[in-house]
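Protein chains: 2
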Amino acid sequence: MADLYHPDAAAIRLVDVLAALGHPVRLEIIHALAGGEERFCGEILPAAPKSSLTHHWRALREAGVINQRRVGRKFYLTLRRADLDTRFPGLLDLAFAEPARGDAPE
Amino acid sequence: MADLYHPDAAAIRLVDVLAALGHPVRLEIIHALAGGEERFCGEILPAAPKSSLTHHWRALREAGVINQRRVGRKFYLTLRRADLDTRFPGLLDLAFAEPARGDAPE
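Residue numbers (this note's numbering), protein chains in the order written: chain S, 59 to 164; chain X, 59 to 164.
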């Protein structure tokens, strides 16, 4: 299996990050990683179809939003919080301020 | 022709705004409207295919990013800057801080 592509921090583009975050499932994934610790793929949204999640991991990774690390047959994910906070200050805070499912506020 | 749908400010959802802004042409449109004045559709990206722009106007309008007003056969656009700054402080500033074409900074 080829190495997993991750853009360098300086090469992360806002348009790609916005597109990656502009999906309700991917916003939920970001919320699940907000604590900062590395999490196993299978722990995050276990009820969602695996093929769909594979697509979302890649979209987030290629945009520079998450790091994805393979250990055997498992993938571990972390949010690239420091890189994103440096490149686009406040963007993740906006995402975390909204409900994970993107529902209208009460 | 039906009225043009615009969400109320309180109903604007972050996920929709992120998805709307997460496209290089739509980021360019936002840059063209950054001054705050109303602009005629035909003035903005005059070289782009009209059918493609029509799709982008609608994506931005339905997400709550722009106001679109019809006068005869022409459409006039304004950025919903106050609404967006209230709902998602700093988000437009991040978009304006990046080059319109999403190119990597020099």
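Where a beta carbon is used, it is the ideal one built from N, C-alpha and C, also for glycine.
Partner residues on chain S for residue i, Cβ-Cβ distance less than 8 angstroms
i	result
Ala73(X)	Here residue 73(X) is Val; the residue named in the question, Ala, does not match the sequence. The contacting residues are Leu79, Gly80, His81, Pro82, Leu85, Glu156 and Gly160.
Under 9 angstroms by beta carbon: chain S residues contacting residue i
i	result
Gly166(X)	The structure shown does not extend to residue 166(X), since chain X is modelled only from 59 through 164, so no value can be given for it.
Span separating the alpha-carbon of residue i from that of residue j
i	j	result
Leu150(X)	Leu72(S)	12 angstroms
Glu68(S)	Gly130(X)	Per the sequence presented here, residue 68(S) reads as Ala, with Glu not at that position. For Ala68(S) and Gly130(X), the distance between alpha carbons rounds to 46 angstroms.
Gly93(X)	Arg138(X)	12 angstroms
Tyr63(X)	Pro104(X)	24 angstroms
Asn125(S)	Phe146(X)	26 angstroms
Asp74(X)	Ile102(S)	22 angstroms
Lys132(S)	Lys108(S)	13 angstroms
Three-state secondary structure assigned by DSSP to residue i
i	result
Ile70(X)	coil
Glu129(S)	The question names Glu, but residue 129(S) in the sequence shown is Val. Three-state result, Val129(S): strand.
Ile102(X)	coil
Leu79(X)	helix
Leu152(X)	helix
His64(X)	coil
Ala92(X)	coil
Ala117(X)	helix
Residues that DSSP places opposite residue i in a beta bridge
i	result
Arg97(X)	Leu135(X)
Ile124(X)	Leu137(X)
Contact list for residue i against chain S, beta-carbon separation under 7 angstroms
i	result
Leu76(X)	Leu76, Leu79 and Gly80
* Asked: If you measure beta-carbon to beta-carbon, which residues of the stretch 102-113 of chain X are closer than 8 angstroms to chain S?
  -> Cβ proximity to chain S below 8 angstroms picks out nothing from the stretch 102-113 of chain X.
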